[in-house]
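Report on the structure given below.
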Amino acid sequence: PFIALLGASAFGLSLAVQGPISNYGAGVVLIVTRPFKVGDTLTLSGLTGFVDVVNLGTTQLINEDEERITIPNRKVLGEIFTNSNVYKVVEAEVGIAYSSDPEEAIRVIAEAVQQIEGIASERVPDVGIESFGDSSINIGYRVWVPTASYHRTRYALNMAVYKALQSANITIPFPQRDVHLIQQ
Numbered sequence: 798p799f800i801a802l803l804g805a806s807a808f809g810l811s812l813a814v815q816g817p818i819s820n821y822g823a824g825v826v827l828i829v830t831r832p833f834k835v836g837d838t839l840t841l842s843g844l845t846g847f848v849d850v851v852n853l854g855t856t857q858l859i860n861e862d863e864e865r866i867t868i869p870n871r872k873v874l875g876e877i878f879t880n881s882n883v884y885k886v887v888e889a890e891v892g893i894a895y896s897s898d899p900e901e902a903i904r905v906i907a908e909a910v911q912q913i914e915g916i917a918s919e920r921v922p923d924v925g926i927e928s929f930g931d932s933s934i935n936i937g938y939r940v941w942v943p944t945a946s947y948h949r950t951r952y953a954l955n956m957a958v959y960k961a962l963q964s965a966n967i968t969i970p971f972p973q974r975d976v977h978l979i980q981q
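Structure (structure tokens):
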């Protein structure tokens, strides 16, 4: 009975320390290989934040809402993650009326997005005709913004584009349908 108890205890102990040991092993691999560093922005399992602390057992992220996210290192090493460093791209589009001048709209939007504080100075925003819709010419824009303030900057970009188009009297159309009634 004593040997069986000892064997069961050893088995239980090995199961209990398996998680922490794998976290520490993964932590050593992360520290040695350095796939990311403190300050980088990671997206992992649907969570995004900038790396605040990397230690042997866990990696800690801070998200845009200033919440601390602690992830066991075995999860970090075992998942596919995106390291977007300091900047992340905002991709958006806005429709203008077919009667509007698309070159003027592109110029107005390009000027508006350049005015937003904090956008990446080393990456020029892309602005151009994205597509042709049923009721509009869709102007797309891609702007690299600080990952730590992605949503706030995206909202500011969209408002700046809207106000710039309004100031330039460029129409953002409503979807339209023509209905033809045929009487027999």
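Sequential numbering of the sequence shown, starting at 798, is according to the numbering used here.
Built from N, CA and C at the ideal position, the CB exists for glycine as well.
Residue interval of the alpha helix (DSSP H) (run including residue i)
{"i": "lysine 834", "result": "No alpha helix (DSSP H) holds lysine 834; DSSP gives it neither H nor E."}
{"i": "leucine 954", "result": "947-964"}
{"i": "asparagine 870", "result": "870-875"}
{"i": "valine 905", "result": "899-911"}
Where residue i sits in the DSSP three-state scheme
{"i": "tyrosine 938", "result": "strand"}
{"i": "alanine 894", "result": "coil"}
{"i": "glycine 915", "result": "coil"}
{"i": "valine 826", "result": "helix"}
Residue of the options minimising C-alpha distance to residue i
{"i": "serine 918", "options": "Pro970, Lys885, Pro899", "result": "Lys885"}
{"i": "valine 850", "options": "Arg831, Asp862, Gly843", "result": "Arg831"}
{"i": "threonine 855", "options": "Val825, Val848, Ser946, Pro869", "result": "Pro869"}
{"i": "isoleucine 903", "options": "Leu827, Ile967, Val826, Asp975", "result": "Ile967"}
{"i": "isoleucine 859", "options": "Gly875, Val873, Glu927, Asp837", "result": "Asp837"}
{"i": "arginine 974", "options": "Ala957, Ser946, Asp931, Asp898", "result": "Asp931"}
{"i": "isoleucine 874", "options": "Glu900, Ala894, Lys960, Gly822", "result": "Before going on, a small fix: residue 874 reads as leucine here, not isoleucine. Leucine 874 has its Cα closest to that of Gly822, out of Glu900, Ala894, Lys960, Gly822."}
{"i": "glutamate 914", "options": "Leu853, Asn852, Leu954, Glu901", "result": "Leu954"}
{"i": "glycine 925", "options": "Ile906, Trp941, Val942", "result": "Ile906"}
{"i": "glutamate 888", "options": "Glu927, Arg871, Glu876", "result": "Glu927"}
{"i": "threonine 867", "options": "Glu876, Glu861, Gln857", "result": "Gln857"}
{"i": "glutamate 908", "options": "Asn935, Glu864, Ala961, Ile936", "result": "Ala961"}
Boundaries of the beta strand (DSSP E) in which residue i is found, first to last residue
{"i": "serine 928", "result": "923-929"}
{"i": "threonine 768", "result": "With the chain represented from 798 up to 981, any question about residue 768 goes unanswered, as that position is not in the structure."}
{"i": "glycine 846", "result": "844-851"}
{"i": "leucine 978", "result": "Per DSSP, leucine 978 belongs to no beta strand (DSSP E) and is neither H nor E."}
{"i": "threonine 944", "result": "No beta strand (DSSP E) holds threonine 944; DSSP gives it neither H nor E."}
{"i": "asparagine 880", "result": "878-880"}
Buried or exposed (CB count within 10 angstroms, at least 16 for buried), residue i
{"i": "leucine 978", "result": "exposed"}
{"i": "glycine 846", "result": "buried"}
{"i": "leucine 844", "result": "exposed"}
{"i": "serine 933", "result": "buried"}
{"i": "serine 897", "result": "buried"}
{"i": "isoleucine 893", "result": "buried"}
{"i": "isoleucine 800", "result": "exposed"}
Supposed contact pair residue j and residue i - C-beta distance, whole angstroms, cut 8 Å
{"i": "valine 848", "j": "leucine 839", "result": "6 Å"}
{"i": "glutamine 912", "j": "proline 922", "result": "Between proline 922 and glutamine 912 the Cβ distance is about 11 Å, and since that is not below 8 Å, they are no contact."}
{"i": "proline 970", "j": "valine 883", "result": "In fact, because the Cβ distance is near 37 Å, the residues do not count as touching under 8 Å."}
Residue-chain proximity (residue i, chain C), Cβ-Cβ < 9 Å
{"i": "alanine 894", "result": "Note that chain C does not occur in the displayed structure, where there is just one protein chain."}
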